Ligand code: SF4
Ligand code: SF4
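Protein chains in written order, with the working numbering: chain A, 1 to 578; chain B, 1 to 189.
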């Protein structure tokens, strides 16, 4: 049977067909939907882990137990999992282990554009790169064969355009589950220096064997057309090249690391001019040139995404398109109406605090009119950076700076920063915006949610008790829609020369739809047009320029009750209220 | 047949599901199909675009500039953001309902009504639908995207039964009837 599947759905299907037993991941755009689709297969145990390092180690443990395992993450997530990756390269695997990593060229929803192919070289493990959903499924199944044959974790690289594109896939059946049993092999699995030195050699020999394998593998494909131009490419870039340069000869690499240079030399000998077309870093090009193989230079921008148009441009094919670009009002992403973060951000911006932000929906607090965020680096950084600010200013800036972090991100890597603040006698104020869900990536549960990926009930982490257990003495839970309470607690806690944690207690409106109540409206008799309510940045509050009054789009309003608290003229009321 | 369709609008309008339906219909009719979209922030009121490409063999999942055969704009002004994809023969299916961007809502920018009026005539064929009114008539204001699918079905060479079959398969069972009605209203002239 054929179906139109996204790259991510196809990876999930591939795990099913490969007989995978365990999948552990942390959500991150564009990789999230792989694990979200795996959860529909009852044959596979799946879970959300608190971060990518944990997820990777769970998968490695499953492999040690003799079963096939997978972990999926976005490119920056692989940084978090890099520690176990580097050593898993030495231990190798027992049951097959595949790591799917999704890059984000053009940074549609990421803080940097790093090219994960560098990790394959860094960790000395093979990397496969599919170019459509069919290959996503097929290559993942191949990854398990390679993993077990060569005793190595296998990286499978996706990107936004593969993960979030849909193409036709032929579905297969579930394969046999492998079961190699728990492997008790101390020289292989205990990486004390004496053992690791031996495995180090194994890793180098494995690379040679993998390159040999690559040479004869059908993962790579040579398409000889005109002998004038030969192009080496991989992944989704292959699709752009095929469309832009239909006459060129192509070496399509399905395995991007290690590369079989014999194969490249043979291809090079069949064409007059050899080019490498790739997205982001000059990864293949550098490797190939280092072998002394002549590659023509392309004046390529290493920033951002490629496309059919850009590939044509690289080869000097100009097309007359009338590129008209108009100045239009933008549609920036915004915190949803009823978002539980809005009240706290309003309070932060009223007090003109320096908010050290983190990764999540609350990063959107950076946009006007709230303009409440002053930095965003990586998951968990807000907490530790605030401590750095505190120490750098001998405590002075601790009275101006606060860390804001979501529940999922706090559990990901924020909690370590908090331990550090307490241990090293900092004064920082950490605000945990606990809305019980991972909002940004599309509402995945986490250890504070109370359910698992499959929707089964689970224990819930209590942030108040957790913070106290770490040693924070000043822990306060506030209602983020009660602005006066937020202002009061904030003012008091930033002044305090001791660490404090402030926790907000309203769910994301997607985590719990029952919190939605009847909408509010503006009483036109009482509205003075002071515009105070428009400053909370709620998409449901609109401004009528003719009447010089605010009004509320009642189809968008979730009845959160924040806006009446900023109106000093008692002009905002709830429908149905007496 | 070879057709490149660009579907544009605002997060929350159902563009992702609508473009999935087009893909399923194309597959059912025996074509290769690819689609690509960026939906990282779609839920939060951002601008959404979905590329759907149908042919015997499709390579890039993204439509090159100047090559869209049809642009379906689920919102009144959104097609203006993607003019570089149009050529002289591009057809425009336009939902006349407006959704104000935040800057317009806060009265810091104007909604470009005149510009829309000016540009919508520059397409080879223009079909305008009041999606909201038709969806209301069908029984649910949320069925605007299905109205637009009906309008799209009218100008594509696929069997109507294929559309109905896929819609029945794709939308939740309790809203199938409303969506079929919305589709028919979009399909009618
Ligand atoms: S998804 Fe939830 S957390 Fe994110 S902006 Fe919307 S309401 Fe807020
Ligand atoms: S805060 Fe109150 S008085 Fe001021 S514009 Fe809003 S509704 Fe009118």
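Glycine is no exception: its CB is placed at the ideal position from the N, C-alpha and C atoms. Keep in mind the model is a prediction, meaning the values are calculated, not measured.
Closer than 7 Å: is that where the CB of residue 589(A) sits relative to any heavy atom of ligand 2?
In the structure as shown, chain A starts at 1 and stops at 578, and residue 589(A) therefore has no counterpart that could be examined.
Interface flag, residue 2(B) vs chain A, CB-CB below 8 Å
no
Cβ-based contacts, 8 Å cut-off: residues of the segment 131 to 164 of chain A near chain B
132, 160, 161, 164
Residues that residue 239(A) contacts on chain B, provided the C-beta gap is smaller than 9 Å
34, 58, 59, 60, 61, 62
Could you tell me the alpha carbon to alpha carbon distance between residue 38(B) and residue 48(B), rounded to whole angstroms?
7 Å
Taking the straight line between their C-alpha atoms, what separation do you get for residue 380(A) and residue 405(A)?
7 Å
Starting from the N-terminal side, write out each stretch of the beta strand (DSSP E) that is 3 residues or longer and does not extend beyond the segment 159 to 247 of chain A.
165 to 170, 221 to 223, 226 to 234
If residue 153(B) and residue 187(B) are in contact, beta carbons under 8 Å, what's the gap, nearest whole angstrom?
6 Å
Helix, strand or coil: which one does DSSP assign to residue 166(B)?
helix
Measuring straight from C-alpha to C-alpha, what distance separates residue 16(B) and residue 163(B)?
16 Å
In chain order, what residues of the same chain have a beta carbon less than 7 Å from the beta carbon of residue 209(A), not counting five sequence neighbours either side?
150
Mind pulling the beta strand (DSSP E) runs of 3 or more residues that sit fully within the segment 326 to 365 of chain A?
354 to 356
Just by C-beta distance, which residues in the segment 110 to 124 of chain B are closer than 9 Å to chain A?
110, 111, 112, 115, 119
Rounded C-beta distance between residue 9(A) and residue 33(A)? I'm assuming under 8 Å.
7 Å
Taking the CB atoms as reference points, tell me whether residue 560(A) and residue 338(A) lie closer together than 8 Å.
yes
Hey, is residue 534(A)'s beta-carbon within less than 8 Å of any beta-carbon in chain B?
yes
What residue range is occupied by the uninterrupted beta strand (DSSP E) comprising residue 61(A)?
Residue 61(A) -> not in any beta strand (DSSP E); alpha helix (DSSP H) instead, spanning 52 to 64.
Using only alpha-carbon positions, find the residue among 51(B), 176(B), 185(B), 75(B) that is nearest to residue 113(B).
75(B)
Please tell me whether, using a cut-off of 7 Å, the distance from the CB of residue 364(A) to the nearest non-hydrogen atom of ligand 1 is below it.
yes
Going by other Cβ atoms of all chains shown within 10 Å of its Cβ, with 16 needed for buried, is residue 190(B) buried or exposed?
Nothing can be reported for residue 190(B), as the shown portion of chain B is limited to 1 through 189.
Alpha carbons only, please: which of 76(A), 107(A), 20(A) is nearest the one belonging to residue 95(A)?
20(A)
DSSP-derived helix/strand/coil call for residue 444(A)
strand
For a test of the three-state rule: what should DSSP assign to residue 578(A), helix, strand or coil?
In this prediction, residue 578(A) has a pLDDT of 44, which is less than 50 and means its spatial position is unreliable; nothing more can be read from the coordinates.
Per DSSP, cross-strand counterpart(s) of residue 128(B)
94(B)
Any chance the CB of residue 410(A) is under 7 Å from a heavy atom of ligand 1?
no
With 8 Å as the C-beta to C-beta threshold (strictly closer), list the residues of the segment 94 to 119 of chain A near chain B in chain order.
108, 109
Quick one: using the 10 Å Cβ neighbour count with 16 as the cut-off for buried, is residue 65(B) buried or exposed?
buried
What are the residues that DSSP puts in a beta bridge with residue 402(A)?
355(A), 429(A)
Can you tell me whether residue 99(A) is helix, strand or coil according to DSSP?
strand
May I ask you to report which of helix, strand or coil DSSP gives residue 21(A)?
coil
For chain B, check one thing: does any of its Cβ atoms lie closer than 8 Å to the Cβ of residue 543(A)?
yes
Euclidean distance between Cα positions of residue 476(A) and residue 333(A)
30 Å
Can you name, in chain order, every residue of its own chain whose Cβ lies under 6 Å from the Cβ of residue 45(A), other than the five neighbours on each side?
22
Residue span of the beta strand (DSSP E) that contains residue 73(B), given as start and end:
70 to 73
Is it the case that the CB of residue 195(A) approaches a heavy atom of ligand 1 more closely than 7 Å?
no
Going by the DSSP bridge assignment, what does residue 415(A) pair with across the sheet?
In DSSP, residue 415(A) forms no bridge with anything.
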